[in-house]
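K.L.:
In our numbering, the protein residues as written are 74 to 213.
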């Protein structure tokens with residue numbers, strides 16, 4: 074499996090686990106990624122270039138895997154950091170040989186139409202709403 078995430082830094086909780094699982098390769102994030110709303114325009118431009126380079130690396134690597142996970146790719150697309158057309162092109166190029174997992178809220182109708190599986194996790198209530206920061210081993 075090839076795993077990469079978007080709009081997260083290199084300390085994201087799932088990476089701690091995934092780094093120790095044999096058979097999972099990770100394209101790492103730069104350590105300085107912030108929440109999108111906290112980024113300056115220059116930081117957004119920089120991150121768009123980082124993701125463009127990452128997708129090039131991804132294109133070169135993906136054919137050797139049975140599964141590719143693009144964690145939080147949907148918000149990266151929705152915020153203009155990644156081209157949806159590029160993602161669709163890559164998926165169509167190797168469709169049938171690789172299982173793709175795209176995560177994130179509010180996927181486009183185009184992406185939904187392509188999907189074999191669609192799941193939705195819906196927040197009803199979360200401690201963050203009360204100002205409680207993420208806790209080790211719970212939210213991260």
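Beta carbons are placed, not taken as given, at the ideal position from N, Cα and C, and that holds for glycine.
In this text, all values refer to a predicted model and were calculated from it rather than measured experimentally.
Residue 91: which of 103, 74, 104 sits nearest, CA to CA?
P.N.:
It is 74.
K.L.:
By a C-beta neighbour count over all protein chains shown, 10 Å radius and 16 as the cutoff for buried, is residue 190 buried or exposed?
P.N.:
Residue 190 should be labelled exposed.
K.L.:
Can you tell me which of 105, 179, 101 puts its alpha carbon nearest to the alpha carbon of residue 142?
P.N.:
Checked all of 105, 179, 101; the closest Cα to residue 142 is 101.
K.L.:
To the nearest angstrom, report how far apart residue 152 and residue 106 are at their CA atoms.
P.N.:
Spanning the two alpha carbons is a distance of roughly 14 Å.
K.L.:
Count Cβ pairs between the region 159-171 and the region 189-209 that sit closer than 8 Å; are there 3 or more?
P.N.:
Output reads no: the region 189-209 does not touch the region 159-171.
K.L.:
At what residue ranges does the region 100-138 contain a whole run of the alpha helix (DSSP H), taking only runs of 4 or more?
P.N.:
Complete alpha helix (DSSP H) runs here, min 4: 114-134.
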